[in-house]
Structure formats: C-alpha cells, structure tokens
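These notes are about the structure you will find just below.
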Amino acid sequence: MLVVIARSEGKLRELQAEIRSSGVTEETLQIKNVAADLGKKEGLQEVVRVLTETETSSFNHMLLINNAASLGDISKFVVNLTELEEVDQYFSFNFSSALCLTASLLKHFVKRPGLKRTIVNISSLCALKPFKSWSLYCSSKAARNMLFQVLAEENPDIRVLNYAPGKAKRRLMKTKSEKG
Numbered sequence: 741m742l743v744v745i746a747r748s749e750g751k752l753r754e755l756q757a758e759i760r761s762s763g764v765t766e767e768t769l770q771i772k773n774v775a776a777d778l779g780k781k782e783g784l785q786e787v788v789r790v791l792t793e794t795e796t797s798s799f800n801h802m803l804l805i806n807n808a809a810s811l812g813d814i815s816k817f818v819v820n821l822t823e824l825e826e827v828d829q830y831f832s833f834n835f836s837s838a839l840c841l842t843a844s845l846l847k848h849f850v851k852r853p854g855l856k857r858t859i860v861n862i863s864s865l866c867a868l869k870p871f872k873s874w875s876l877y878c879s880s881k882a883a884r885n886m887l888f889q890v891l892a893e894e895n896p897d898i899r900v901l902n903y904a905p906g907k908a909k910r911r912l913m914k915t916k917s918e919k920g
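Quick note, in the numbering used here, the sequence shown goes up one by one and the last residue is 920.
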C-alpha cells in the first residue's frame with residue numbers, strides 16, 4: 741500500500757495516474773490519496789486517521805518519507821521575525837507536523853517480528869549551512885535533522901535516514917540563486 745499526502749487533490753491524482761501508467765496495477769499496489777494541509781491541525785488529524793485505519797498485520801515493511809516543507813517568506817532577516825504567530829505557523833508545518841506524523845505512524849506500526857520500519861527525512865544543505873534571510877527554513881531543517889537523529893538513538897531497530905540532496909536542480913536552489 742502507498743499512502744500519498746499532498747495539499748493538492750489534483751497533484752495526487754496526477755501522481756497516481758503516473759504510477760498506474762508505468763504498469764503498476766491496483767492488484768500489486770493499493771494507492772490511498774490524502775489531500776491535507778499538514779500545517780493545520782485538521783490536516784494532520786485526517787492523515788493520522790487514514791493511516792491508523794489501515795490494518796498493519798500483513799505489512800512487512802513500513803516506509804515513511806517526510807518531504808513536506810515550505811520555504812516560507814525568505815525575504816525576512818532574523819530581526820524582522822517579530823510575530824510569534826507567524827513563526828509558530830511556520831514551525832507547525834515544517835517541524836511539528838513531521839514529528840507528530842512520524843510518532844503517530846510508529847505507534848500504529850509497533851515493533852514486531854518480521855516488520856521493518858524505515859523513516860526518511862528529506863533534509864537540505866540548509867540544515868547545515870546558513871543562508872541570509874532563510875533563518876526559518878534553515879533552523880527548521882536543522883531541527884528536523886536532530887529530531888530524526890534522536891529517533892535513531894532511541895529506536896535502534898528503526899532505520900532512519902536524513903537525506904540532504906544538496907545543490908540538486910530544485911526550485912529551492914533556483915529561488916536561492918534568484919534572490920542572491
């Protein structure tokens with residue numbers, strides 16, 4: 741089973757169609773699309789509801805890829821970040837949702853013989869290297885890296901990977917180069 745989460749229902753349908761067009765059938769892979777905003781409590785609750793309704797006894801591998809993130813407003817320097825609500829909202833999506841989703845999924849897919857559990861955190865060079873005016877993004881990525889390192893220490897049976905693509909050809913790096 742593949743559970744795909746995104747804010748856009750249309751993008752979810754496009755991805756599902758792309759997977760199906762590659763020859764993957766419903767018999768070989770069930771796909772569940774969940775349109776939800778992970779930056780909002782209701783969105784996270786919906787994702788957790790869908791995931792925890794899934795019967796797990798037949799699964800031999802649980803893989804979670806945490807990739808949801810937002811650059812946010814990268815025009816602001818640290819001294820301009822004075823609104824607590826703005827910062828809280830940013831960290832709710834970029835950090836807290838990954839924490840709560842991961843914890844909820846691990847509680848549902850409890851350790852048992854024959855079950856491998858893997859967590860992948862899509863990180864960024866920004867978790868390691870500071871960029872001017874990217875304070876929220878850099879700090880949230882660094883916090884996520886540490887969170888998943890702690891998870892690995894606490895649960896040696898869970899395979900945890902922090903993957904930072906670096907200067908891949910992504911909108912993120914394009915945006916950075918355009919902004920200077």
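Glycine is no exception: its CB is placed at the ideal position from the N, C-alpha and C atoms.
Item                                                                                                                                                                   : Value
With a CB to CB cut of under 6 Å and the five nearest residues on each side skipped, what residues in its chain are close to residue 802?                              : 849 and 857
Smallest Cα separation from residue 812: which of 832, 800 and 775?                                                                                                    : 832
Cutting at 7 Å between CB atoms, please list the residues of its own chain near residue 837, excluding the five before and the five after it.                          : 778, 779, 784 and 808
Can you look up residue 759 in the DSSP assignment and give me helix, strand or coil?                                                                                  : helix
State the DSSP-derived secondary structure class of residue 885, mapped to helix, strand or coil.                                                                      : helix
Please return the same chain residues whose Cβ sits closer than 7 Å to the Cβ of residue 834, not counting the five positions on each side in sequence.                : 809, 810 and 880
Can you check which of these residues, 742, 869, 844 and 868, is closest to residue 789 by C-alpha distance?                                                           : 844
State the CB to CB distance for the pair residue 854 and residue 800, rounded to an integer number of angstroms; the pair is presumed to be in contact (CB under 8 Å). : 6 Å
Is the Cβ-Cβ distance between residue 887 and residue 839 less than 9 Å?                                                                                               : yes
Whole angstroms are fine: how far does the CA of residue 806 sit from the CA of residue 884?                                                                           : 10 Å
With the cut-off set at 9 Å, would you say residue 862 and residue 891 are in Cβ contact?                                                                              : no
Could you tell me which residues DSSP puts in a beta bridge with residue 775?                                                                                          : 746
Hey, residue 764 and residue 744: beta-carbon distance below 9 Å or not?                                                                                               : no
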